[in-house]
Structure formats: C-alpha cells, structure tokens
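Note sheet for the following structure.
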Amino acid sequence: MKKSYISGNFDICHLGHIRIMNYAKNISDELTIGIYRDSEGSLSNSLEFRINAIKNLSIADDIKVVDGNELNLLMEIEPDFIIKGPEHRGKVGILQEQCQVFGGQIIFTSANNVENLSELPIEKEIPIDFIKVPHTYINRHSIDKNSLLKIIDFF
Numbered sequence: 048m049k050k051s052y053i054s055g056n057f058d059i060c061h062l063g064h065i066r067i068m069n070y071a072k073n074i075s076d077e078l079t080i081g082i083y084r085d086s087e088g089s090l091s092n093s094l095e096f097r098i099n100a101i102k103n104l105s106i107a108d109d110i111k112v113v114d115g116n117e118l119n120l121l122m123e124i125e126p127d128f129i130i131k132g133p134e135h136r137g138k139v140g141i142l143q144e145q146c147q148v149f150g151g152q153i154i155f156t157s158a159n160n161v162e163n164l165s166e167l168p169i170e171k172e173i174p175i176d177f178i179k180v181p182h183t184y185i186n187r188h189s190i191d192k193n194s195l196l197k198i199i200d201f202f
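Remember, this note's numbering sits 47 above the position in the sequence shown when you count from 1.
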C-alpha cells in the first residue's frame, strides 16, 4: 500500500492546496495531511477550523496535528511520497535525509492541471469583504494591494 503525506498551515486553503492534495491522493492508496499548530499566533483561523476545512474536502484518509518535530511524525507514518509545492524546492535538507531512512521520496509539484481558470465552476460572486488573507501570506508571496487589485480587475 502506497502512502502520501502533505503538510502545511492551510490557513487559507486554496485551489493550489486542493490540486496538490488530489495529486497526492491519486498517486497513493492513503493520504495523510499534517496541519501545523499556530505557534506564532500569526494565522487567521484556529486549528479546529483548519482541521474541519480539510476534513470537509473529503480527500484525506487521515489528518494529524504537527506538534514540534515533524520528523517524528514522518517516522511513524513512513510515507512513500512527501508532496511539497515548488516553493519548497531547496528547503528540505533534513527532510531529504529522513526520507532515506524509511525509503520515502519527496515530490515537488504544483499539480497544475487546470489550464484555464475560467473552466472552474463559479456558483456566485463572492463579496470582496469576505476575502481574508493573513499578512504573513501576503509577505511570503510578495503580494501588494495594487497588484492584487489588478488581478481582480482582470476578471
């Protein structure tokens, strides 16, 4: 039985996360998703909210809370595949070493299989006040308000 593992904050679970989760599920028999605690108090949503959001996607076979050392959790799960987004490339030195212990493999992917976003079903317009993005996300991805507004205007 092949096992995949994905981890993250999933504070704002977006299409990219869902694509990677579906990819991981499709290449394995069992998908475990690890969700980090908010140790710095920088996330917008509680751990319980984030766990429920992932559960409601009905993709994961198991959800684990990552407390402290993720390597201990990986040794327990022994996944065949650890799936990471492309932004993590070059940042997984210790993780790569740990994978060699249990024979796992790290796969970097965006799992981008939707070529045209207009093909996605949109049921109704979402009011702009509904969108809540934590400042850490904006800083991590070098997004400023003006560039975001230009993208929104494009649609």
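In this text, a Cβ means the ideal position worked out from N, Cα and C, and glycines have one as well.
Segment limits, beta strand (DSSP E) that includes residue i
i	result
residue 128	128-131
residue 154	152-155
residue 78	77-83
residue 148	That residue, residue 148, is in no beta strand (DSSP E); its alpha helix (DSSP H) goes 140-149.
Local Cβ density within 10 Å of residue i, reported as buried at 16 or more and exposed below that
i	result
residue 200	exposed
residue 165	Caution is warranted here: a pLDDT of 40 is assigned to residue 165, below 50, making its placement in the model unreliable, and the coordinate value is therefore given only provisionally. With fewer than 16 Cβ atoms within 10 Å of its Cβ, residue 165 is classed as exposed.
residue 138	exposed
residue 141	exposed
residue 194	exposed
Residue i versus the options, residue with shortest Cα-Cα distance
i	options	result
residue 81	137, 102 and 198	102
residue 78	116, 121 and 61	121
residue 92	68, 59 and 128	59
residue 75	135, 129 and 198	129
residue 63	88, 155, 198 and 196	155
residue 119	61, 87, 194 and 146	146
Beta-carbon gap between residue i and residue j smaller than 9 Å
i	j	result
residue 97	residue 56	yes
residue 192	residue 126	no
residue 72	residue 110	no
residue 104	residue 153	no
residue 190	residue 132	no
residue 54	residue 117	yes
residue 114	residue 136	no
residue 112	residue 94	yes
Bridge-paired residues (DSSP) for residue i
i	result
residue 53	80
residue 72	None, per the DSSP bridge assignment.
residue 108	In DSSP, residue 108 forms no bridge with anything.
First through last residue of the alpha helix (DSSP H) which encompasses residue i
i	result
residue 190	Per DSSP, residue 190 belongs to no alpha helix (DSSP H) and is neither H nor E.
residue 120	117-124
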